[in-house]
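S.K.: Per my numbering, the sequence shown starts with residue 41, numbered consecutively.
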Amino acid sequence: MGHGFFGFIDTIAGTPTLGRHVKELCLNEHMIRCLLLKYDDQVKFLAQCNKRYRTHLCEPAQTNQTAPVDQFRNATEYFGERRRIVGNAINCLMSVAVSLTPMLNKLEIHVESDWKLSSIPSGCLPNLKKLTITVSWSFPTDDLDGLAGLLDAAPRLERIELVNLEVRDATKKPKTSFCHDTVNEITLRSCMLHISQLEAIMRGFPKLQTFRIGAPNHCQRADTRSQDTALLYRIEDLLMLRSDTLKHLTLDFPGIHLDHPGEIVLQDLSGMKVLETLYIESGMLHRRWQGHRPGRRICQLLPTSIKEFGLMGSAYPLVHDEVLESINISASVFPLLKKVVVAEFGKKWLVDGDKWERMFASACEAHNLELSSEVPRSSQGLALPEPYRD
Numbered sequence: 041m042g043h044g045f046f047g048f049i050d051t052i053a054g055t056p057t058l059g060r061h062v063k064e065l066c067l068n069e070h071m072i073r074c075l076l077l078k079y080d081d082q083v084k085f086l087a088q089c090n091k092r093y094r095t096h097l098c099e100p101a102q103t104n105q106t107a108p109v110d111q112f113r114n115a116t117e118y119f120g121e122r123r124r125i126v127g128n129a130i131n132c133l134m135s136v137a138v139s140l141t142p143m144l145n146k147l148e149i150h151v152e153s154d155w156k157l158s159s160i161p162s163g164c165l166p167n168l169k170k171l172t173i174t175v176s177w178s179f180p181t182d183d184l185d186g187l188a189g190l191l192d193a194a195p196r197l198e199r200i201e202l203v204n205l206e207v208r209d210a211t212k213k214p215k216t217s218f219c220h221d222t223v224n225e226i227t228l229r230s231c232m233l234h235i236s237q238l239e240a241i242m243r244g245f246p247k248l249q250t251f252r253i254g255a256p257n258h259c260q261r262a263d264t265r266s267q268d269t270a271l272l273y274r275i276e277d278l279l280m281l282r283s284d285t286l287k288h289l290t291l292d293f294p295g296i297h298l299d300h301p302g303e304i305v306l307q308d309l310s311g312m313k314v315l316e317t318l319y320i321e322s323g324m325l326h327r328r329w330q331g332h333r334p335g336r337r338i339c340q341l342l343p344t345s346i347k348e349f350g351l352m353g354s355a356y357p358l359v360h361d362e363v364l365e366s367i368n369i370s371a372s373v374f375p376l377l378k379k380v381v382v383a384e385f386g387k388k389w390l391v392d393g394d395k396w397e398r399m400f401a402s403a404c405e406a407h408n409l410e411l412s413s414e415v416p417r418s419s420q421g422l423a424l425p426e427p428y429r430d
């Protein structure tokens with residue numbers, strides 16, 4: 041869309057039936073950058089945004105001074121006040137486009153600031169099923185409240201994907217507006233959310249069945265063995281809040297901290313009584329032994345309901361050995377298990393990958409289990425700030 045985005049808005053605004061035929065809309069960062077490149081004078085860009093915002097949205101939005109050209113002229117630094125104003129103007133433009141395409145099934149939208157999308161009317165996207173929100177690297181927020189307007193606009197929403205979001209401030213109590221009654225799938229891709237925010241998500245989505253989360257690359261540590269492990273965060277304490285609904289889980293934390301000085305660790309998922317699928321970064325299981333702490337073996341930490349189990353990331357002999365043990369006793373301990381996925385059998389830690397692969401293949405064949413090295417596309421690249429498009 042890019043260069044013709046203003047024309048697109050004017051066209052569907054002039055012919056509302058066209059806007060109602062749009063089923064999928066991608067307002068991603070690339071489109072925004074193409075649009076900005078067309079305007080060397082950012083005051084002119086703001087004026088174009090202002091014109092559409094005040095022409096096509098409801099009266100409360102028209103009177104909201106969210107794209108103030110005069111304020112931009114008087115601002116002294118682009119990477120301060122000026123950038124915030126441009127970000128707000130882009131958000132206004134996103135609101136216009138969304139309001140003019142009410143019959144969307146899928147929406148991917150790029151958000152530049154934490155300006156609350158209140159100008160999008162509640163329930164205005166009655167058919168929206170999938171919502172992808174990517175945020176700017178400089179997205180300044182300490183809660184998820186600014187994104188709640190999009191959720192409120194979609195009463196039948198089922199899937200949410202947040203990309204490149206960081207909310208680490210624990211000083212403010214999480215608000216409850218980021219919630220939804222029908223959403224059953226959430227993916228947090230390249231995201232760093234404080235534990236309190238993750239807890240609010242678990243409590244705010246009572247129908248949640250699929251949850252994927254991956255930390256951004258810049259938060260990953262090259263050597264977690266030197267990490268102070270005085271405190272380890274047990275992520276199952278968070279997941280147990282949805283033990284009654286969570287069926288499919290992907291955890292990609294290859295050595296990062298969410299609450300300093302702790303490290304995310306997995307000790308016990310046996311209480312997740314309906315969990316069927318688990319894909320996990322091997323390092324989370326390997327960290328159970330840090331600090332010489334006793335930990336449950338994998339055959340003890342998985343629930344009996346598990347049907348598909350996958351290891352992502354580096355190969356650790358200790359982890360591989362325990363997974364093999366679980367396969368060999370699966371008939372009695374995991375009667376529903378059908379598939380095992382191992383992304384890497386070797387490469388690091390001087391592991392003989394071919395030997396491990398033969399051992400896994402033999403064990404899976406003996407117990408009539410499918411063995412694969414292919415992680416599902418929806419669970420790949422969770423550390424990368426690039427949304428998954430199906």
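Ideal placement from N, C-alpha and C gives every residue a C-beta, glycine not left out.
From the DSSP output, read off the bridge partner residues of H506.
M.R.: No answer is possible for residue 506: it lies beyond the span of the chain, which begins at 41 and ends at 430.
S.K.: Looking at C164 and P195, is the spacing between their C-beta atoms short of 7 Å?
M.R.: Not closer than 7 Å, so no.
S.K.: Please classify H96 as buried or exposed, where buried requires at least 16 neighbouring CB atoms within 10 angstroms.
M.R.: Under this definition H96 is a buried residue.
S.K.: Would you kindly check if the distance between the Cβ of A401 and the Cβ of N368 is under 7 Å?
M.R.: Taking 7 Å as the Cβ cut-off, N368 and A401 do not qualify as a contacting pair.
S.K.: Between the stretch 51-70 and the stretch 136-152, do three or more beta carbon pairs fall short of 8 Å?
M.R.: Yes, the stretch 51-70 touches the stretch 136-152.
S.K.: Give the secondary structure of C219 by DSSP, where H, G and I count as helix, E and B as strand, and everything else as coil.
M.R.: In the structure shown, C219 sits in coil (DSSP, three-state: anything other than H, G, I, E or B).
S.K.: Start and end of the alpha helix (DSSP H) containing V83?
M.R.: Its alpha helix (DSSP H) spans residues Q82 to H96.
S.K.: Among R60, C219 and A87, whose alpha-carbon lies nearest the alpha-carbon of L140?
M.R.: Of R60, C219 and A87, the residue nearest in Cα terms is R60.
S.K.: Per DSSP, which one or two residues make a beta bridge with I173?
M.R.: BP columns for I173 point to I149 and L202.
S.K.: Would you call D80 buried or exposed, if buried means 16 or more other Cβ atoms sit within 10 Å of its Cβ?
M.R.: Exposed: under 16 other Cβ atoms inside 10 Å.
S.K.: When you compare each of G323, G44 and N131 to H360 by their alpha carbons, which one comes out closest?
M.R.: When only C-alpha atoms are compared, the closest one is G323.
S.K.: Would you say R336 and D292 are within 7 Å of each other, going by their C-beta atoms?
M.R.: In this structure, D292 does not lie closer than 7 Å to R336 by Cβ.
S.K.: What would DSSP say about L144, mapped onto helix, strand or coil?
M.R.: Residue state, collapsed to three classes: coil.
S.K.: Could you check if G244 is buried or exposed, using at least 16 other CB atoms within 10 Å of its CB as the buried criterion?
M.R.: Classification of G244: buried, given that the 10 Å Cβ count is 16 or more.
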